[in-house]
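Worksheet: one structure, shown below.
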Amino acid sequence: MLLNVALLIFGFAILIKGADFFIDGASALGVRLGIPQIIIGLTVIAFGTSLPELFVNINSSIQQNNDLVIGNILGSNIFNILIIVGLSALISPITAQKSTSNTEIPYVIVSAFILYVLASDELFGESYNSVSRGDGIVLIVFMLYFLNYIYRLSKNDKSINDRVDQMPIKKIILFIVLGFIGLILGSQWIVDSAVYIATDLGISQKIIAITIISVGTSLPELVTSVVAAAKNKSDIALGNIVGSNIFNIFFVLGISAIIHPIQTSGNSYQIDYVFLLVSSVLLLITMFTHKKNIITKFEGAFMILTYVFYMYLTLNG
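The opening residue of the sequence shown carries number 1258 in the numbering used here; numbering runs sequentially from there.
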């Protein structure tokens, strides 16, 4: 137990430093290539910070552990919006571009709704929830559509990054590589040690997946967005979460279902699906309560309180 507690703390340290390296390297690469920061947040950083979810889900699918597969993604995406965006807004109010509020966040809602429809077999008279291999292919198709949207967005974006004081290319590569290593290793150590501790305490696999594993695999998004918010890089802070949530459902769950169909019993995840939809809609609503598409500190605090309520229902359900 003491060894796993120590590993948990060490994992946090590696994770935080890795996120710092990665965001600096990715930002510098974007400056060199003339890529807008919102594109970096939606692609490179979102993909990089979602690697823990991908690796955990692939391993869980191979072992046919359905609760870890679906619980990890549902818990991670809810945590991403309510806690990570909430904390980022508390640090510094988040300003979103029009493309984010008008297209990308609605796509987050669409991804949550599509997952609910595909998984809710009881809507069609069945007594179980499942995401079949065919559903997995559908999710991958939607991911390809989103990647095509990002490509078109990058082509149409006329903004130019400041190219003053560019970071040397060797240093950029070193930062990105070290960042990836820190994010992946740190997350894996945190998840492994947390699962051992929780299992030793007799907690169910669903609770482990929704809380410890999902939070553990979301720590790269947490650290990356918080660091970005502290550096007043709203596009990366928000784009990271938007891109990560879309990536988690369409790509990570898509790949997981193709490896092995995901099946859970009855309404065991009904509350989680509802909160995923609610949190996604809440993110969009905050965009339209202000003329400049700003998520304020007050709204950030409300998101965090909503997550506390969600945890209360989960742990007492």
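All C-beta atoms, glycine included, are put in the ideal place defined by N, C-alpha and C.
- Excluding sequence positions up to five before and after L1286, its CB lies within less than 6 Å of the CB of I1429, all in the same chain and listed in chain order.
- Rounded to whole angstroms, the Cβ separation of V1480 and A1276 is 4 Å, and the two are in contact under 8 Å.
- Remark: C-beta atoms of L1308 and I1441 approach each other more closely than 8 Å.
- A check of alpha carbon separations from Y1526 across T1546, I1330, G1291 and F1267 identifies I1330 as the nearest.
- The three-state secondary structure of T1553, taken from DSSP, is coil.
- Cβ neighbours of K1274 within its own chain (closer than 7 Å, five residues either side excluded): G1439.
- Taking a C-beta distance under 8 Å as the contact criterion, S1461 and N1314 do not qualify as a contact pair.
- Less than 8 Å divides the Cβ of L1541 from the Cβ of I1362.
- Of the candidates G1343, Q1520 and K1355, K1355 places its Cα closest to the Cα of N1550.
- Annotated as distal: T1306 and V1499, with beta-carbon spacing of 8 Å or more.
- When the Cα atoms are used, I1341 and V1483 turn out to be separated by approximately 7 Å.
- Secondary-structure assignment with DSSP links I1371 through no beta bridge to anything.
- Beta-carbon to beta-carbon, E1478 and S1501 are separated by about 5 Å, close enough to satisfy the 8 Å threshold.
- Each residue's CA atom was taken as its position, placing P1518 and A1376 some 11 Å apart.
- Assignment of beta-bridge partners to I1519 by DSSP yields V1388.
- Proximity to F1508 across G1473, L1265 and F1304 peaks at F1304, based on C-alpha coordinates.
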